[in-house]
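So the protein sequences, as listed, match chains A and B.
Position in the first sequence (from 1) plus 11 gives the number in our numbering.
Position in the second sequence (from 1) plus 11 gives the number in our numbering.
All C-beta atoms, glycine included, are put in the ideal place defined by N, C-alpha and C.
Below: one structure, written as structure tokens.
Number of protein chains: 2
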Amino acid sequence: MTQLDSDQKAADDAPKLGRRRDPAKDQQILDAAVDVLAETGFDGMTIDMVAARAGAGKATVYRRWASKNELVLDAVACLKKTDLDSMPIPDTGTLRGDLVAMIRPPTIDDAERKLKVMAGLASMLSSAPDLAEAANEAIVEPRARINRMLLNRAVERGEISADVDIQLVSLISPSMVAYHSLIQRKPVDREFLITVIDGVILPAVGLRPAPAR
Amino acid sequence: MTQLDSDQKAADDAPKLGRRRDPAKDQQILDAAVDVLAETGFDGMTIDMVAARAGAGKATVYRRWASKNELVLDAVACLKKTDLDSMPIPDTGTLRGDLVAMIRPPTIDDAERKLKVMAGLASMLSSAPDLAEAANEAIVEPRARINRMLLNRAVERGEISADVDIQLVSLISPSMVAYHSLIQRKPVDREFLITVIDGVILPAVGLRPAPAR
DNA sequence: TCTATCCGGAACTGCAGAGTTCCGTATATG
DNA sequence: CATATACGGAACTCTGCAGTTCCGGATAGA
């Protein structure tokens, strides 16, 4: 989309002769951009940093993206694919079981990395709607979508009432984790996540913390 | 503290003759800094912008603060005093009544302004611990403190159980409001706040949404 | 092997903002 | 009224980064 090479027919622009553009380099640069973004934020990020981390030259970056803004937009969008949501979604038979099963190191690390990216973009979101949408779609939505799925299944099997505001409840953990991590700057560990599940989410859907006691 | 003029004995450094430094100007500059911070974020903020908005010269700003960083630190800290927490805290007799009574235009506007400041600082928080602490103390804590007070009163009058995790519950609304406003970029209106109170907070402390039905 | 193309890297321009210096003016004190 | 000081504003330096250009070397196809 924003990338320079995805021209009209996406073909025929490949050279008949000589060296071809390395497609793997694109991903290396995007990954490096996300790393730098997470570490320094949008304004702290320089193209030189990204190029150096990707083992590329600055010119190579600009051969593929027209500007820093477009690179960042693509890098954020690429987080979507990097997402761990392609992993199997737990189905333990109880809502609490499913929610607890979601607490795993790779899931937590992925979340923390994405939160850092979001923090690095925070000041831009109000002035760059397309970036805000990309960030929302790549960072916020995937996790909320999983939560909605788990909640819907709980409704279907009669575990919780159909009156529950699933949209609202699905945002409890993303909200509280983001606040805990970004603003309060405390580590997102298993204990905190369990506390949120048992102390907020389950009561909100009308369940007791301990499922069978 | 960070201000240049608060020297050793805080006295005798006033000139015997001639014009005195205008103390009101300090506050005008700090207010302007907060405004610009909320609108453009830390990196987008320039000293010229702040000076212009305060009706001052850039030199005047640097006569009072040694750097942009120190100005911002003081500006954030000054949000604490600007806070609306000097207003009367509601006491309606029920937790729900108190929470709903907190929903008032000045309270909401104050919160949104502070959230914008927090968004503008977000990318710096991980690399500037003192700024992070100042922001937390000026923006996060005052509101959480009120919530804790309301919850403690509810415990004292026997409305809710003493087992409730007050620390956790007091952070539900700040977290969800911040997420709603900053990340999802939706307006923080009365309807949303009521939904959070009735759909999350009250269930979390073991109360039904409609108190007397 | 030849050649068109891409590569990394370095040197370059242009600009914007932090921080400084200076000046003419305003003002409170004596 | 005289004077010492703070003021707003403009001009200045310096630094860092976005984006560009150029080059010698690497590489894949013909």
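The Cβ atoms of D102 of chain B and D109 of chain B sit closer than 8 Å to each other. Residue environment analysis places I171 of chain A among the buried positions, since at least 16 neighbouring C-beta atoms fall within 10 angstroms of its C-beta. Its Cα nearest to that of I205 of chain A, the residue A:R115 stands out among A:R115, A:K69, A:G66. Sequence-ordered contacts of the region 188-214 of chain A with chain B read A189, Y190, H191, L193, I194, Q195, R196, T206, V207, G210, V211, P214 [C-beta pairs closer than 8 Å]. At a cut-off of 8 Å between beta-carbon atoms, S186 of chain B makes contact with chain A. Residue contact check for D174 of chain B against chain A: no CB pair falls below 8 Å. For G131 of chain B, the closest C-alpha among the options B:G52, B:V87, B:A44 is that of B:G52. Among the residues facing chain A, N158 of chain B is not included, as its CB has no counterpart in that chain under 8 Å away. For the 8 Å CB-CB criterion, I58 of chain A and V72 of chain A form a contact. If you draw a straight line from the Cα of G217 of chain A to the Cα of E167 of chain A, it comes to about 15 Å. Spanning the alpha carbons of I183 of chain B and S186 of chain A requires a straight line of approximately 8 Å. Cα atoms of I40 of chain B and G66 of chain B: separation of roughly 8 Å, rounded to the nearest angstrom.
At least one CB atom of chain B sits nearer than 8 Å to the CB of A133 of chain A.
Chain order gives no chain A residues near G108 of chain B, where near means a beta carbon separation below 7 Å; the closest approach is about 20 Å. At least 8 Å separates the CB of N163 of chain A from every CB of chain B. Counting the other Cβ atoms within 10 Å of the Cβ of L28 of chain A gives fewer than 16, which makes it exposed.
In the same chain as I100 of chain B, and ignoring 5 residues on each side of it, the C-beta atoms closer than 7 Å to its own belong to I157, M160, in chain order. With distances taken between CA atoms, P198 of chain A lies nearest to A:L126 out of A:E152, A:A88, A:L126, A:S78. Spatial neighbours of V211 of chain B in its own chain (CB-CB distance under 6 Å, excluding positions within 5 residues in sequence) are listed in chain order as I183.
If you check each beta-carbon in the region 47-70 of chain A against every beta-carbon of chain B, the ones closer than 8 Å belong to T51, G52, F53, D54, G55. Scanning chain A for C-beta atoms nearer than 8 Å to the C-beta of A130 of chain B yields A133, S134, L136, S137, reported in chain order.
The beta carbon of V151 of chain A falls within 8 Å of a beta carbon belonging to chain B, placing the residue at that interface. S138 of chain B and S97 of chain A have their C-alpha atoms spaced approximately 33 Å apart. Within 7 Å of the CB of A143 of chain B, the CB atoms of chain A belong to R196, in sequence order along the chain.
Residue B:V83 holds the alpha-carbon nearest to the alpha-carbon of V47 of chain B among B:A70, B:A146, B:V83, B:K36. With its beta carbon less than 8 Å from one in chain B, N147 of chain A belongs to the interface. In this model, V180 of chain B and R196 of chain A are separated by some 18 Å (Cα to Cα).
A residue is called buried when at least 16 other Cβ atoms come within 10 angstroms of its Cβ; D33 of chain A does not meet this threshold and is exposed. At the C-beta level, L106 of chain B and A173 of chain B stay beyond 8 Å of one another.
The Cβ-Cβ distance between R124 of chain B and A215 of chain B does not fall below 8 Å. Residue-level contact check: I183 of chain A touches chain B, since one or more beta carbons of chain B fall below 8 Å from its beta carbon. In the three-state reduction of the DSSP assignment, D120 of chain A falls in the helix class.
Under the Cβ distance rule, L28 of chain B does not count among the residues neighbouring chain A, no pair being separated by less than 8 Å. Just measuring C-alpha positions, the residue of B:T93, B:K79, B:E202 sitting nearest A149 of chain B is B:T93. Annotation for P99 of chain A: no alpha helix (DSSP H) segment contains it, and DSSP assigns it neither H nor E.
A residue is called buried when at least 16 other Cβ atoms come within 10 angstroms of its Cβ; A146 of chain A meets this threshold and is buried.
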